[in-house]
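Asks:
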Amino acid sequence: MKAVSIKEHGPPSVFEGESSCYSCTSQYRSTKSLVLVKVYAAGINPVDVYIREGAFLNLPPLPRILGKEVAGIVETAGPKVQKFKVGDRVTCCLPLDGGYAEYVTCDESKVLPLSETLSFSQGASLYVAYFVAYRALVTKCNVQKGELLLVHGASGAVGVAATQIAKARGLKVVGTASTEAGLETAKIAGADFVFNHSEEGYLADAYSITGNKGFDAIVENSADSNLGSDFLMLAQGGRIAIIGTKSPLKPPPHNPKLVEVNPRSLMYTEGRVYGVKLLGVTENEFKVCSNAIIDGIEEGWLRPVIAQEYKLSQAPEAHKRIMSEGARGKLVFNLSL
1 MKAVSIKEHG PPSVFEGESS CYSCTSQYRS TKSLVLVKVY AAGINPVDVY IREGAFLNLP
61 PLPRILGKEV AGIVETAGPK VQKFKVGDRV TCCLPLDGGY AEYVTCDESK VLPLSETLSF
121 SQGASLYVAY FVAYRALVTK CNVQKGELLL VHGASGAVGV AATQIAKARG LKVVGTASTE
181 AGLETAKIAG ADFVFNHSEE GYLADAYSIT GNKGFDAIVE NSADSNLGSD FLMLAQGGRI
241 AIIGTKSPLK PPPHNPKLVE VNPRSLMYTE GRVYGVKLLG VTENEFKVCS NAIIDGIEEG
301 WLRPVIAQEY KLSQAPEAHK RIMSEGARGK LVFNLSL
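Reading the sequence shown from the start, the letters are residues 1 to 337 in the UniProt record's numbering.
1) For Ser290, which residues from the same chain have a beta carbon less than 8 angstroms from its beta carbon, with the 5 sequence-adjacent residues on both sides left out?
2) Just confirm the distance between the C-beta atoms of Gly182 and Asn221, as a whole number of angstroms; I'd bet it's less than 8 angstroms.
3) Any idea if Val86 is buried or exposed, counting beta-carbon neighbours within 10 angstroms, 16 or more meaning buried?
4) Does the Cβ of Tyr268 have 16 or more other Cβ atoms within 10 Å, making it buried, or fewer, making it exposed?
5) Quick check on DSSP: helix, strand or coil for Ile306?
6) Could you check how far apart the C-beta atoms of Val104 and Cys92 are, in whole angstroms? I think they sit under 8 angstroms.
7) Distance check for Thr245 and Glu260, CA to CA, integer angstroms please.
8) Rounded to whole angstroms, what's the CA-CA distance from Glu283 to Glu102? Just pull it up for me.
9) Is the separation between the beta-carbon of Ile73 and that of Val4 shorter than 8 angstroms?
10) Which residues in the same chain have their Cβ closer than 7 angstroms to the Cβ of Gly98, if we skip the five residues on either side of it in sequence?
11) Give the secondary structure of residue 340 by DSSP, where H, G and I count as helix, E and B as strand, and everything else as coil.
12) Given Thr176, which residues of its chain have a CB within under 8 angstroms of its CB, disregarding the five upstream and five downstream residues?
13) Pick helix, strand or coil for Phe84, following the three-state DSSP scheme.
14) If you reduce the DSSP assignment to three classes, tell me which class Tyr100 lands in.
15) On a CA-only basis, which of Ile6, Ser121 and Leu36 is nearest residue 341? Give me that one, please.
16) By Cβ distance, which residues of its chain are closer than 6 angstroms to Ala136, with the 5 residues on each side in sequence left out?
17) Counting only beta-carbon atoms, is Gly214 nearer than 8 angstroms to chain C?
18) Identify whether Glu220 lies in helix, strand or coil by the three-state DSSP scheme.
19) Considering only C-alpha positions, which residue in the set Phe231, Phe286 and Arg169 is nearest to Glu147?
20) Assuming Lys38 is part of the beta strand (DSSP E), what are its boundary residues?
21) Within 10 Å of its beta-carbon, does Met323 have 16 or more other beta-carbons around it, so buried, or fewer, so exposed?
22) Look at the Cβ atom of Ala129, then the Cβ atom of Ala157, and state whether they are nearer than 8 angstroms.
23) Could you have a look at Glu172 and say whether DSSP puts it in helix, strand or coil?
24) Evaluate Gly211 with the Cβ neighbour count: other Cβ atoms within 10 Å of its Cβ, from every protein chain shown; 16 or more gives buried, anything less gives exposed.
25) Roughly how many angstroms separate the alpha carbons of Ser33 and Phe286, rounded to a whole number?
26) Please return the same chain residues whose Cβ sits closer than 6 angstroms to the Cβ of Ser125, not counting the five positions on each side in sequence.
27) Going by Cα to Cα distance, which pick from Phe84, Lys83, Asp88 and Cys106 is closest to Leu94?
28) Where DSSP assigns a beta bridge to Cys106, which residues make up the other side?
29) Using only the alpha-carbon positions, how far apart do Asn271 and Lys172 sit?
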């Protein structure tokens with residue numbers, strides 16, 4: 001099969017060279033509850049970049065095929081597989097990576113049916129963005145109908161997912177983005193108000209939407225830049241869910257960027273701060289998140305926004321793009337290109 005792998009940690013150039021796109025024979029065995037899926041699209045996520053860079057505490061062994069989510073068609077199913085058959089459209093959640101490839105194997109428990117109403121690229125955009133957003137809003141922050149939500153980076157994949165989930169649950173959403181195109185993406189996702197976070201004074205303008213009472217919940221995508229001001233934006237009993245930061249996470253003696261906060265502001269509001277990670281999903285949470293995603297697709301409000309599609313051979317370019325400013329939806333590898 002063709003796949004994109006890394007043999008060392010480093011910049012996007014580690015993808016380059018003859019070894020970046022290679023052929024091999026699939027060693028899939030039709031046993032247990034595994035399914036073999038022919039991949040039509042693979043999601044690209046910041047976590048892939050962090051692993052490639054070596055910016056994780058517990059790094060997986062090398063060489064490595066990155067990628068935590070794909071969509072495609074079941075090619076073979078093990079004898080214990082009950083929910084899927086050959087030819088089914090599916091999306092696969094891959095906790096151990098492997099998605100940047102023509103084929104993946106995945107346990108049946110981590111496979112979801114893919115509706116005909118979504119493209120394969122949209123199907124490859126469900127796991128990371130929507131699971132993280134659901135855990136942030138529902139599992140951690142326990143958002144309620146009528147509450148006010150601030151989504152930092154509302155035009156990115158997780159920001160779009162958070163906005164759609166919040167609107168479906170009856171919240172009023174204020175979103176931020178750094179470009180006019182990004183603001184439009186946030187509006188299309190359902191944000192009630194949008195502000196350009198590259199403009200001076202945007203926080204005061206956003207805060208005024210709350211009647212100067214603060215936000216009930218904040219989804220924070222750039223905690224290294226915004227966490228200090230987030231503390232000042234909370235309502236009484238407000239909650240912050242940290243879903244992203246550009247600070248690398250490495251063991252000592254590497255020191256991450258420090259964020260200055262005023263703890264008294266958190267004392268005043270009796271606010272709470274939650275860290276959210278995808279690998280924290282329990283088996284029960286996985287089922288709950290999966291059902292919520294399937295329901296959202298069937299009800300029509302869950303619609304991933306695709307920003308750009310790449311060939312597998314364009315992995316270096318895609319990794320540069322996903323970490324640049326002005327995110328607008330999801331980046332994916334389209335294996336049909």
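Note that CB positions come from ideal geometry on N, CA and C, so glycine has one too.
Replies: Considering the structure as presented:
1) Leu112
2) About 12 angstroms separates the two Cβ atoms, so there is no contact after all.
3) exposed
4) exposed
5) strand
6) 6 angstroms
7) 14 angstroms
8) Each residue's alpha carbon lies about 27 angstroms from the other.
9) no
10) Ile65, Gly67 and Val104
11) Past the boundaries of the shown model lies residue 340; the chain is included only from 1 to 337, so the question cannot be answered.
12) Leu150, Val151, His152, Gly153, Ala154, Ala186, Val194, Phe195, Asn196, His197, Tyr202 and Ala206.
13) coil
14) The answer is coil: DSSP assigns Tyr100 none of H, G, I, E or B.
15) Limits of the chain in this structure are 1 at one end and 337 at the other, which puts residue 341 out of reach.
16) Val219, Ala241, Ile243 and Val276
17) Judged by its chain identifiers, the structure shown contains no chain C, having just a single protein chain.
18) strand
19) Arg169
20) Leu34 to Ile44
21) exposed
22) Judged by beta-carbon spacing, Ala157 lies within the 8 angstroms limit of Ala129, meaning their Cβ atoms are closer than that value.
23) One detail in the question is off: residue 172 reads as Lys in this sequence, not Glu. Strand, per DSSP.
24) exposed
25) 17 angstroms
26) Only residues of its own chain outside the window of five on either side were considered, and among them Gly43, Pro304 and Lys330 have a CB closer than 6 angstroms to the CB of Ser125, listed in chain order.
27) Cys106
28) Val35
29) Inspection of the sequence shows that residue 271 is occupied by Gly rather than by Asn. Distance between the alpha carbons of Gly271 and Lys172: 19 angstroms.
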